[in-house]
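Sequential numbering of the sequence shown, starting at 202, is according to this note's numbering. We put the beta carbon where it would ideally sit given N, CA and C, even for glycine. All values derive from a computational prediction rather than experimental measurement.
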Amino acid sequence: MFDVIVIGGGHNGLVCASYLAKAGLKVALFERREIVGGACVTEEPWPGIKVSMGAYVLSLLREEIIQELELRRFGLKVYIKDPGMFLPFPNGKKLYLWCDTKKTKKEIEKFSKKDADGYERWQSFWSSFASLVEPFMLNPPPTLKDTKELLTNLDSLEIDEINLLNSLQVFARDAKSMLDSYFESEEVKAGLCLDSVVGTFAAPSTPGTAYVLAHHVLGSVNGVQGAWGYVEGGMGGVTQAMKKAAEHYGVLIYTGTEVDEILVKNGKVEGIKLKDGKTIQSKAVVSNADPKTTFLKLLRNAELESDFKKRVNSLKSTGVSFKMVGYLEELPDFGNGKSLQPEHIASEVILPSVDYAEQAYRDALVYGYSKKPWFEVNIQSSVDPTVAPQGKYSFSIFGQYLPYDKKLDNFKEEYATLILDTLREYAPNFKPIKYQLLTALDIER
């Protein structure tokens, strides 16, 4: 008999299991695949080439978790990605976005001196926004009473009423209008709009995308607020450190073991049933699976209210992102040569304008895919020698929009060619030796 069974060995399941075990509970974790990590894993599709198959850079893992679970002790090492972004444009101009605000302002001045000042105001606003949101990040969502108390104690937040009003608008505002209020350069706006639509079937003009952007600036790497980084060995370095921590605290981890059902009797959890029919008892069950899998499949025989099941079933969960992984034998030349350049450390973003992202979204609505997708290229081996042998460069491409659709299985090679042809408009020598395209459906599988 376990105190708690955790279903799924993704990063959330591993963190949950570790904290429960650290608190003295008897915990078991069951994972369907032979490795833990979910979408945060490193695999080796080709000899010596290690790639992050899902998540590809780190920032939003809370420092509190890293410290409390001693993840650095168990092998977690992160290289800051600086510059954070690099954008080449059709007119030959280039924009670098650095972790240092002063360096980024100098870059932006090449496009607009007014926007350089606007960038400082932009950074200041997000600092104020973070001070408002941070207190809630590791707590349950606030009740109406909590919100009222917060609004009557603004002094404790060190945020004035104007900034508070602007911060509250972020949750419903679109990113496009927000960027327009700070900047005039289309290139600068393009560089800052990417995070507003990552992983979201929306355009920068869609209400709510301002918060998607906000969420991506709340992270940090090695104490640098807003920075992103490469995990040594690929993103599996995160979940392997978590696995070691979980086992250190006493979690029993079973891989290659699929859970078929959460057992409930008289409204109370009794344990789980595995795919092979074996049952295991526990006082509580935590599911790392998505809400639909948890409530509609694993709890299919539980007496859940029909209205609740309808609400769960109506949740929109259609993925629109694609991943391409592979390797090169020379670094891409964006006009500065094939030797190691700052752009090879950055996320190399193919997104010429906000309107380009808008059109990519409209295409996906009409045709089922973007005829001109936006995407970012990350060459982790530029800073991490553990993911590729000398003379080879592993890469990861993340982009949109390629909505979840089984019919796309027969379209993947054609779409991969479209992605590479688009990239070669900016770096003609980008010619992978091997590559693999993953759709949202592939990642789910």
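| said: Please give the ranges of any beta strand (DSSP E) in the region 466-505, keeping only runs that are unbroken, at least 3 residues long and fully inside the region. | reply: Fully enclosed beta strand (DSSP E) runs of 3 or longer: 469-475 and 480-488.
Note to self: Which complete beta strand (DSSP E) runs does the region 221-305 hold, if anything under 3 residues is left out?
What the structure shows: 228-231, 243-247, 250-253, 279-281, 286-289 and 295-298
**Item:** Separation of L270 from Y220, as counted between CA atoms
**Value:** Along the sequence shown, read from residue 1 onward, the residue named residue 220 stands at position 19. Along the sequence shown, read from residue 1 onward, the residue named residue 270 stands at position 69. Rounded to whole angstroms, Y220 to L270 spans 8 Å at the Cα level.
- Task: Measure the beta-carbon distance from L541 to L532 and round it to whole angstroms, keeping in mind my assumption that it falls under 8 Å.
- Result: Here the question's residue 541 lines up with position 340 in the sequence shown. Here the question's residue 532 lines up with position 331 in the sequence shown. Indeed they touch by this definition, with Cβ atoms about 7 Å apart.
Point to revise | 8 Å Cβ shell around E321 - same chain, five flanking residues per side excluded | key: Locating residue 321 in the sequence shown gives position 120, where the first residue counts as 1. So the qualifying residues of the chain are T302 and K306.
Notebook entry, point to check: Among K251, G409 and Y602, which one has its Cα closest to the Cα of L376?
Noted result: Sequence index remark: in the sequence shown, residue 376 carries index 175 (1-based). One detail in the question is off: residue 376 reads as Ala in this sequence, not Leu. Minimum Cα distance to A376 is reached at G409.
Taking V513 as the reference, which of T494, L529, I250 and L339 has the closest Cα? By one-based count along the sequence shown, residue 513 stands at place 312. T494 is the residue among T494, L529, I250 and L339 whose C-alpha sits nearest the C-alpha of V513.
- prompt: In chain order, what residues of the same chain have a beta carbon less than 7 Å from the beta carbon of E559, not counting five sequence neighbours either side?
  reply: Numbered from its first residue, the sequence shown carries residue 559 at position 358. Once the five neighbours on either side are set aside, the close Cβ partners of E559 are A404, P405 and S406.
Requested in this report: Give the single residue among K479, A485 and E459 whose Cα lies nearest to the Cα of G471.
Outcome: In the sequence shown, counting from the first residue as 1, residue 471 sits at position 270. One point to set straight first is that residue 471 is Glu, not Gly, in the sequence displayed. For the residues K479, A485 and E459, the minimum Cα distance to E471 belongs to A485.
Continuous alpha helix (DSSP H) assignments of at least 4 residues falling wholly in the region 551-579:
The qualifying runs are 555-568.
### Query
Are the Cβ atoms of W299 and V418 separated by less than 8 Å?
In the sequence shown, the residue the question calls residue 299 occupies position 98. In the sequence shown, the residue the question calls residue 418 occupies position 217. The answer is no: Cβ separation not under 8 Å.
Legend entry - K295 beta carbon less than 8 Å from that of L288: Reading the sequence shown from its first residue, position 87 is the one you call residue 288. Reading the sequence shown from its first residue, position 94 is the one you call residue 295. Yes, they are a contact pair.
**Message:** Taking contact to mean 3 or more Cβ pairs, one atom from each stretch, closer than 8 Å, check whether the region 447-456 and the region 205-223 are in contact.
**Reply:** yes
message = Just to confirm my understanding: we take S548, look at its own chain, exclude 5 residues before and 5 after, and list those with CB closer than 6 Å. What are they?
response = Mapped onto the sequence shown, residue 548 falls at position 347. Excluding sequence neighbours, S548 sits near M286, E577 and N579.
Measure how close the beta-carbons of K315 and E385 come, nearest whole angstrom, since I'm counting them as under 8 Å.
What you label residue 315 is simply residue 114 of the sequence shown in a count that begins at 1. What you label residue 385 is simply residue 184 of the sequence shown in a count that begins at 1. Sure, about 6 Å apart at Cβ, within 8 Å.
Bridge partners of G538, per DSSP? Within the sequence shown, residue 538 is the residue found at index 337, counting from 1. For G538, which the question treats as bridged, DSSP gives no partner whatsoever.
* Asked: How would you label Q441, buried or exposed, when you count the other beta carbons within 10 angstroms and need 16 or more for buried?
  -> Taking the first residue of the sequence shown as position 1, residue 441 is located at position 240. Buried is the call here.
Mind the definition here: the region 499-509 touches the region 225-240 only if three or more C-beta pairs lie below 8 Å; say whether that holds. Here the region 499-509 makes no contact with the region 225-240; the two share fewer than three CB pairs at distances below 8 Å.
ask   = In terms of residues, what are the limits of the beta strand (DSSP E) holding F312?
value = Against the sequence shown, residue 312 aligns to sequence position 111. No beta strand (DSSP E) contains F312, which DSSP labels as neither H nor E.
Per DSSP, which residues does Y431 bridge with? Please list them. Within the sequence shown, the letter at position 230 stands for residue 431. Answer is Y280, bridged to Y431.
Sub-8 Å separation of P590 and G249 beta-carbons | Counting from 1 along the sequence shown, the entry for residue 590 is found at position 389. Counting from 1 along the sequence shown, the entry for residue 249 is found at position 48. A contact, by the Cβ cut-off of 8 Å.
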